[in-house]
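Residue numbers (full-length UniProt numbering): 1 to 505. From the three backbone atoms N, C-alpha and C, an ideal C-beta is built for every residue, glycine too. Remember, it's a predicted structure, so these values are computed and weren't measured experimentally.
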């Protein structure tokens with residue numbers, strides 16, 4: 001009897017254990033299946049409700065099925081749970097040989113590749129799924145590890161070309177490196193494993209490895225010269241300026257505009273034109289946005305249009321950085337809006353390329369102002385040569401000139417047809433449009449409106465002539481010095497501005 005009791009208890013325990021484990025396994029399996037079924041049903045309802053095309057519905061279902069099959073792998077979750085050093089070691093072991101063979105990275109240093117693979121993530125894509133859409137914003141660069149991907153270029157819905165990506169090669173690099181919308185659609189033709197690196201991470205790595213960045217752009221140019229490249233019959237014309245523009249990003253800025261602010265490091269930039277300490281500081285302070293120091297350097301006579309070995313001025317740098325206040329300061333001091341760099345890019349072209357509308361409108365406003373100034377200059381020069389100035393005509397034109405010329409600036413920028421600065425011509429304009437001043441005998445500390453017996457005269461060419469004219473205007477007085485309204489003695493005729501009140505003693 002005792003044996004039978006223990007035997008029955010053992011059977012009951014064993015049976016309960018087996019039933020419990022079987023139930024757990026069944027519930028676990030059915031829960032995954034149930035979640036998968038619910039996801040498929042939700043996707044089907046979504047496509048039906050929004051009347052999406054059949055091919056989009058197929059891609060959604062394929063993606064859900066692949067996610068269901070690879071759910072147990074949990075590759076990315078496992079990597080994220082590890083430390084940075086372990087993740088870098090795993091990425092180096094898995095991805096380094098693949099990335100090293102990619103054409104776009106041929107010839108770059110091992111340090112660059114090691115930094116790059118640490119930022120890469122592996123993803124799986126089912127057949128007939130779009131990895132990149134044509135004309136979408138570039139966000140990632142991809143490298144094909146296994147499977148098959150084809151690049152499709154189309155115009156108005158008509159396929160213009162189709163090229164297959166070789167295993168181990170990169171795609172999406174044209175949009176990322178040239179900062180252009182993606183020129184093609186990348187679509188898988190079979191189950192594929194693809195490495196992905198974010199554009200921001202790639203940009204940061206290139207900016208710390210300038211030489212490797214130049215190698216990458218040369219590799220891209222060589223690839224685009226291949227006639228089989230999709231959608232690029234004129235590769236040289238397309239990339240000619242973009243190569244320089246990208247390298248300038250690596251050297252000079254961190255933006256791409258509103259894409260994320262990067263810090264400029266002049267100690268890593270070999271492109272600074274080493275002439276004088278003042279000239280170098282102009283570039284440095286512009287990059288660091290030290291407005292007060294920039295203004296001080298300009299007042300000390302620094303060349304506002306100085307270029308580095310790439311032909312770039314401080315205004316190019318400010319446009320790259322997107323610093324509106326710096327741009328205004330440089331323009332007020334005579335920066336050339338249309339001065340092109342070695343590849344033909346002007347600050348206005350760069351603002352348009354970077355899609356910075358406020359900066360572009362500001363540059364356009366200054367360009368229009370300078371163009372009007374040039375027209376006034378031509379008119380006045382011709383009239384001066386003909387010796388046919390009339391008082392009323394001279395008054396009107398003088399008013400037009402003084403609206404465009406900033407008398408407080410030490411330098412005025414005018415744009416000619418060639419886009420260069422002609423400051424000598426501006427000086428001729430100022431000579432033709434004589435400044436008018438009001439002279440008074442003895443200094444008066446009250447408001448100008450209280451001063452009596454002022455004389456409005458045309459400012460002569462020298463202080464001696466001014467004192468002589470004052471002696472004629474105020475009989476019985478023989479002035480020997482000129483003082484302004486701030487009780488400061490004037491010893492240089494050039495500092496007197498149009499409309500000033502001068503007091504003679």
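Item to check | For residue 95, the first and last residue of its enclosing alpha helix (DSSP H) | outcome: 84-101
Checklist entry - CA-CA distance, residue 37 and residue 344? => result 58 Å
Next on the checklist: If you reduce the DSSP assignment to three classes, tell me which class residue 192 lands in.
Outcome noted: strand
Next on the checklist: If distances are taken between C-alpha atoms only, which option among 346, 355, 103 comes closest to residue 216?
Outcome noted: 103
Next on the checklist: Can you confirm whether residue 125, when its beta carbon is compared against all beta carbons of chain B, has any partner nearer than 7 Å?
Outcome noted: Judged by its chain identifiers, the structure shown contains no chain B, having just a single protein chain.
Next on the checklist: Quick check on the burial criterion: 16 or more other C-beta atoms within 10 angstroms. Buried or exposed for residue 263?
Outcome noted: With a pLDDT of 34 at residue 263, under the threshold of 50, the predicted position of this residue should be treated as unreliable, though the coordinate-derived value follows. Exposed, by the Cβ-count rule.
Checklist entry - Could you check where the beta strand (DSSP E) with residue 160 kicks off and where it finishes? => result 158-165
Checklist entry - Looking at C-beta atoms only, is the number of pairs between the stretch 193-213 and the stretch 144-157 that lie closer than 8 Å three or more? => result yes
Item to check | Length at least 4, wholly inside the UniProt domain "Cyclic nucleotide-binding" (104-223): the alpha helix (DSSP H) runs in chain order | outcome: 110-117, 173-178, 199-207
Checklist entry - What three-state label does DSSP hand residue 32 in the structure shown? => result helix
Next on the checklist: Classify residue 482: buried if its beta carbon has 16 or more other beta carbons within 10 angstroms, exposed otherwise.
Outcome noted: buried
Next on the checklist: Would you call the stretch 168-181 in contact with the stretch 118-125, where contact means no fewer than 3 C-beta pairs closer than 8 Å?
Outcome noted: no
Item to check | Environment of residue 488 [buried if 16+ CB atoms lie within 10 Å] | outcome: exposed
Checklist entry - Which word fits residue 159, buried or exposed, when buried means at least 16 other C-beta atoms lie within 10 angstroms of its C-beta? => result exposed
Next on the checklist: Between residue 360 and residue 331, how many whole angstroms is the CB-CB distance? I'm expecting something under 8 Å.
Outcome noted: Wrong, their Cβ atoms sit about 13 Å apart, outside the cutoff.
Item to check | Under the three-state DSSP convention, the category residue 77 falls into | outcome: helix
Checklist entry - Is the distance from the Cβ of residue 97 to the Cβ of residue 190 below 7 Å? => result no
Checklist entry - Does the Cβ-Cβ distance between residue 456 and residue 438 come in under 7 Å? => result yes
Item to check | Cβ-Cβ separation, residue 132 to residue 186 (assumed contact under 8 Å), whole Å | outcome: 4 Å
Item to check | Local conformation of residue 458 per DSSP, three classes | outcome: strand
Item to check | Three CB pairs or more closer than 8 Å across the stretch 64-84 and the stretch 47-54 | outcome: no
Next on the checklist: Assuming contact is defined by CB atoms lying nearer than 7 Å, are residue 335 and residue 304 in contact in what I supplied?
Outcome noted: yes
Item to check | Three-state secondary structure (DSSP) of residue 506 | outcome: Residue 506 is absent from the model: the chain starts at 1 and stops at 505.
Item to check | Same chain only: Cβ atoms within 7 Å of residue 76, ignoring 5 sequence neighbours per side | outcome: 121
Next on the checklist: Please report the distance separating the alpha-carbon of residue 461 from that of residue 494.
Outcome noted: 9 Å
Next on the checklist: Using the three-state DSSP reduction, which class does residue 504 fall into: helix, strand or coil?
Outcome noted: strand
Item to check | Beta bridge counterpart(s) of residue 438 as assigned by DSSP | outcome: 456, 501
Next on the checklist: Quick check on the DSSP output: the alpha helix (DSSP H) that includes residue 68 runs from which residue to which?
Outcome noted: 54-69
Item to check | Collapsed DSSP secondary structure at residue 482 in the structure displayed | outcome: strand
Item to check | Helix, strand or coil at residue 19 [DSSP, three-state] | outcome: helix
Checklist entry - From which residue to which residue does the alpha helix (DSSP H) around residue 304 run? => result No alpha helix (DSSP H) contains residue 304, which DSSP labels as neither H nor E.
Item to check | Pairwise C-alpha distance: residue 57 and residue 170 | outcome: 28 Å
Next on the checklist: What does the Cβ neighbour count give for residue 124, buried or exposed, with the cut at 16 atoms within 10 Å?
Outcome noted: buried
Item to check | When 129, 353, 173 are compared against residue 224, the one with the closest alpha-carbon | outcome: 173
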